[in-house]
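The structure appears below as structure tokens.
Residue numbers (my numbering): 6 to 144.
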């Protein structure tokens, strides 16, 4: 009987030790961090373009739009430029307010559940001049 209790106690202690070791490994693993990308609104040469015009990101990443030279600029996503036609997501990513001063910026964070695909955006005052960009969200 004593041998049976000692064996049960040893097994219980072994299981607790294993669980403690496993949980310490799980707790020490850090989650993947989101990246941040910068898009200049207007090139260094003063052209009406986004620089870079095309970038590839992951869900959860942030894109910082910075007014570079010639103002005013903004970045507008419409539902036709969003892969799923999600008007709410297009509105969330859009910044309709015009930025006038060099260095002025705003950030658009793509939610962690953003569907993969290409998201097209444009500068409202300079769309006719071809100031359009694309952000590809990798799957």
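Yeah, the Cβ is synthetic: ideal placement off N, Cα and C, and Gly gets one too. Remember, predicted model here, so these are calculated numbers, not experimental data.
Cβ-Cβ distance between residue i and residue j below 8 Å
{"i": "residue 95", "j": "residue 115", "result": "no"}
{"i": "residue 91", "j": "residue 63", "result": "no"}
{"i": "residue 47", "j": "residue 75", "result": "yes"}
Residue i, buried or exposed, once every other Cβ within 10 Å from all chains shown has been counted against 16
{"i": "residue 54", "result": "buried"}
{"i": "residue 123", "result": "exposed"}
{"i": "residue 143", "result": "exposed"}
{"i": "residue 113", "result": "buried"}
{"i": "residue 145", "result": "For residue 145 there is no data in the structure shown, the boundaries of the chain being 6 and 144."}
{"i": "residue 59", "result": "exposed"}
{"i": "residue 138", "result": "buried"}
{"i": "residue 33", "result": "Low per-residue confidence applies at residue 33: pLDDT is 48, beneath 50, and the placement is therefore not dependable enough to give any value."}
Which listed residue (the options) has its alpha carbon closest to that of residue i
{"i": "residue 128", "options": "56, 42, 41", "result": "56"}
{"i": "residue 126", "options": "108, 107, 68", "result": "68"}
{"i": "residue 98", "options": "104, 51, 78, 111", "result": "111"}
{"i": "residue 135", "options": "108, 101, 78", "result": "78"}
{"i": "residue 130", "options": "80, 138, 65", "result": "80"}
{"i": "residue 101", "options": "51, 70, 85", "result": "70"}
{"i": "residue 3", "options": "88, 105, 118, 132", "result": "Because the chain spans 6 through 144 in this model, residue 3 falls outside it and cannot be assessed."}
{"i": "residue 120", "options": "58, 86, 50", "result": "86"}
{"i": "residue 50", "options": "38, 42, 73, 106", "result": "73"}
{"i": "residue 132", "options": "93, 117, 52, 43", "result": "52"}
CB contact check: residue i to chain C, cutoff 8 Å
{"i": "residue 44", "result": "No chain C appears in this structure, which consists of one protein chain only."}
For residue i, the residue or residues it bridges with in DSSP
{"i": "residue 138", "result": "126"}
Along the chain, which unbroken stretches of the alpha helix (DSSP H) at least 4 residues long are found entirely within the stretch 38-119?
92-98
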